[in-house]
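**Student:** According to mature numbering (1 follows the signal peptide of the UniProt record, and there is no 0), the sequence shown holds residues -17 to -1, 1 to 282 in order. Positions of the beta carbon are idealized from the N, C-alpha and C atoms, including for glycine. This structure is a prediction, so every number in the text was calculated from the model and none was measured. Encoded as structure tokens, here's the structure I'll be asking about.
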Amino acid sequence: MRVWIVFLLCLAGQAFTASITEEEPIIDDVGEEAQPEVGVNPVQVETGDFDEAIDVEEEEEVTAENPCLNHHCKKGKVCEVDEENTPMCVCQDPTTCSSAVGEFEHVCATDNTTYDSSCHFFAYKCSLEGTKKGHKLHLDYIGPCKFIEACMDAELNEFPLRMRDWLKNVLVTLYERDEENNLLTEKQKLRVRKIYENEKRLQAGEHSLDLLAHDFDKNYNMYIFPVHWQFGQLDQHPVDGFLSHTELAPLRAPLIPMEHCTTRFFEQCDADNDKYIALEEWANCFSIKEQDVDKDLVI
């Protein structure tokens, strides 16, 4: 089994404060990529640099000196004041974005173009606002654009085996480190503790696909909550039981360069092809039985 050498930044029960002004489709146009390094933990990033449609609610109170201090704009826009000193959001000039420190700050968009940073991308996307090209342009994944090979059927079937194991191990890791960090709620800790203390739990490590499949069949109940938990971490804009492209981005964007079946997997999850993944569709993607789907588990 290969090992991921990127980073793990889990959204540990933290509710986002932003609200959505538009929803983006789950399906993107960029192809698949070369087989990645894989391991025991999923890669997940905070949504900040990858939110395409999140606006922070504007606060009513503004300072007389600078009305923009409390006036927030979505990614790609900055605040300016008009002749009447009224704050407004305008597209950011890409030249005002900081230069990337390294390749890890580059991003690839669905036009198969590498942008110096997410700031540069969203500033450019803003300049296309109201156009067909702008509507179709989305941030696809972290890092420079590169060839992504096609995901074969057999490889697609392997993807959820590893992902389920990753999610379980992430929760166990959070539980172990959650002394005073509030990474998990008390309710979540109780559920994870049952998994953590179970002597039959498959320990984190490099395991064959056959072993992962066998463990899922034998210890099925250990995987129910981790699958629900991840859905709950992503379903934040708003909390409605559906995952949009924007909500899926924190998990999806870092995965694509390393797991070339990522795009096809999430496309398949959208069984009714409505551009959103419902909780029931998400659970089905990970082979959670219909009778075990419980909205209370995502809270």
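Between K151 and C91, what straight-line distance do the alpha-carbon atoms span, to the nearest angstrom?
**Tutor:** Your numbering for residue 151 matches position 168 in the sequence shown. Your numbering for residue 91 matches position 108 in the sequence shown. Cα atoms of K151 and C91: separation of roughly 29 Å, rounded to the nearest angstrom.
**Student:** Within 10 angstroms of its Cβ, does E230 collect 16 or more other Cβ (buried), or is it exposed?
**Tutor:** Counting from one through the sequence shown, the residue named residue 230 turns up at place 247. Counting of Cβ neighbours within 10 angstroms places E230 among the buried residues, the total reaching 16 or more.
**Student:** Any idea which residues DSSP pairs C62 with across the strands?
**Tutor:** Here residue 62 corresponds to residue number 79 of the sequence shown, with the count starting at 1. C72.
**Student:** Would you give the residue range spanned by the alpha helix (DSSP H) that L157 belongs to?
**Tutor:** For the purposes of this step, residue 157 is taken as the residue at position 174 of the sequence shown. Its alpha helix (DSSP H) spans residues 136 to 160.
**Student:** By DSSP, does I125 sit in helix, in strand, or in coil?
**Tutor:** Working through the sequence shown from its first residue, we reach residue 125 at position 142. Looking at I125 - three-state DSSP - the assignment turns out to be strand.
**Student:** In terms of residues, what are the limits of the beta strand (DSSP E) holding C109?
**Tutor:** Here residue 109 corresponds to residue number 126 of the sequence shown, with the count starting at 1. Note, C109: premise wrong, no beta strand (DSSP E); alpha helix (DSSP H) at 101 to 110.
**Student:** Does DSSP classify A92 as helix, strand or coil?
**Tutor:** As a position in the sequence shown, residue 92 is number 109, starting the count at 1. Note: A92 maps to strand in three-state DSSP.
**Student:** Under the rule that 16 or more other beta-carbon atoms within 10 Å means buried, what is Q75, buried or exposed?
**Tutor:** Taking the sequence shown and counting its residues from 1, the one referred to as residue 75 is at position 92. It is buried - the Cβ of Q75 has at least 16 other Cβ atoms within 10 Å.
**Student:** Rounded to the nearest angstrom, what separates G85 and L234 at their Cα positions?
**Tutor:** One-based indexing of the sequence shown puts residue 85 at position 102. One-based indexing of the sequence shown puts residue 234 at position 251. Each residue's alpha carbon lies about 21 Å from the other.
**Student:** Quick one: what does DSSP say L120 is sitting in, helix, strand or coil?
**Tutor:** Position 137 of the sequence shown, counted from the start, is the residue given in the question as residue 120. If DSSP states are grouped into helix, strand and coil, L120 belongs with coil.
**Student:** What does the alpha-carbon distance come out to for the pair A133 and W265?
**Tutor:** Here residue 133 refers to the residue found at position 150 of the sequence shown. Here residue 265 refers to the residue found at position 282 of the sequence shown. A133 and W265 have their alpha carbons spaced roughly 22 Å apart.
**Student:** DSSP three-state call for F87: helix, strand or coil?
**Tutor:** Here residue 87 refers to the residue found at position 104 of the sequence shown. In the three-state reduction of the DSSP assignment, F87 falls in the helix class.
**Student:** Using a Cβ-Cβ cut-off of 7 Å (strictly less than) and excluding sequence neighbours within five positions of C109, which residues of its own chain qualify?
**Tutor:** Translated into positions along the sequence shown, residue 109 becomes position 126. Counting only Cβ-Cβ distances below 7 Å, and skipping sequence neighbours, we find G59, K60, C74, Q75.
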